[in-house]
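Undergrad: Structure provided below as structure tokens; questions to follow.
Quick look at the structure:
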């Protein structure tokens with residue numbers, strides 16, 4: 001996979017959160033996608049499969065109080081790094097990165113890491129299986 005294709009997928013992924021448009025995510029996620037959230041420490045929560053990853057990300061993208069700021073996105077072949085700040089809406093925020101992997105034009109892996117010690121903010125409650 002070329003870096004420009006990966007970069008375009010990441011642009012669309014980021015757009016879903018920046019514009020609070022969860023529908024954008026539907027065509028970006030692979031059936032076998034695996035995602036690990038930043039919480040709870042130390043390992044986060046693992047979400048496996050299209051439905052679990054889509055539900056988690058759509059819940060965040062739908063939130064009009066909390067919001068993301070993308071600080072940087074770098075694509076390298078089939079991988080990308082997204083550096084971000086998540087603002088809780090109450091003045092608090094946390095910074096982090098997502099390590100992403102793309103296959104056949106869809107996101108197959110997303111590993112989230114943040115600078116927060118322990119709990120940062122409540123995450124959406126979504127069934128994990």
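In the UniProt record's numbering, the protein residues as written are 1 to 129. Glycine is no exception: its CB is placed at the ideal position from the N, C-alpha and C atoms. Predicted model, so just to flag it, every value in this text is computed and none were measured.
How would you label residue 74, buried or exposed, when you count the other beta carbons within 10 angstroms and need 16 or more for buried?
TA: Residue 74 is exposed by the Cβ-count criterion.
Undergrad: Starting from residue 8, follow the alpha helix (DSSP H) in both directions and report where the run begins and ends.
TA: Taken as a continuous stretch (DSSP letters only), the alpha helix (DSSP H) holding residue 8 covers 3-18.
Undergrad: Mind checking which residues open and close the beta strand (DSSP E) that includes residue 80?
TA: Here the beta strand (DSSP E) through residue 80 covers 79-87.
Undergrad: Have a look at residue 13 and residue 92 and give me their C-alpha separation to the nearest angstrom.
TA: So the alpha carbons of these two residues sit roughly 23 Å apart.
Undergrad: Pick helix, strand or coil for residue 32, following the three-state DSSP scheme.
TA: It is a strand residue.
Undergrad: Is the segment 64-82 touching the segment 26-41, taking contact as three or more C-beta pairs under 8 Å?
TA: They do not touch, by the three-pair rule.
Undergrad: By a C-beta neighbour count over all protein chains shown, 10 Å radius and 16 as the cutoff for buried, is residue 109 buried or exposed?
TA: With 16 or more other Cβ atoms within 10 Å, it is buried.
Undergrad: DSSP three-state label for residue 138, please.
TA: Look at the range of the chain in this structure, 1 to 129, and you will see that residue 138 is not part of it.
Undergrad: Tell me whether the beta-carbon of residue 17 lies closer than 8 Å to the beta-carbon of residue 124.
TA: No; because the gap between Cβ atoms is not below 8 Å, this pair is not in contact.
Undergrad: Find the nearest neighbour of residue 90 within the set 59, 35, 66, judged by alpha-carbon distance.
TA: The shortest Cα separation from residue 90 among 59, 35, 66 belongs to 66.
Undergrad: So if DSSP puts residue 107 in a beta bridge, which residue, or which two residues, is it bridged to?
TA: 29, 102, per the DSSP bridge assignment.
Undergrad: Skipping 5 residues on each side, what residues in its chain have a beta carbon closer than 8 Å to that of residue 43?
TA: For residue 43, where only same-chain residues beyond five positions count, the Cβ hits under 8 Å are 36.
Undergrad: Which of the three DSSP states is assigned to residue 66 in this structure?
TA: Coil, per DSSP.
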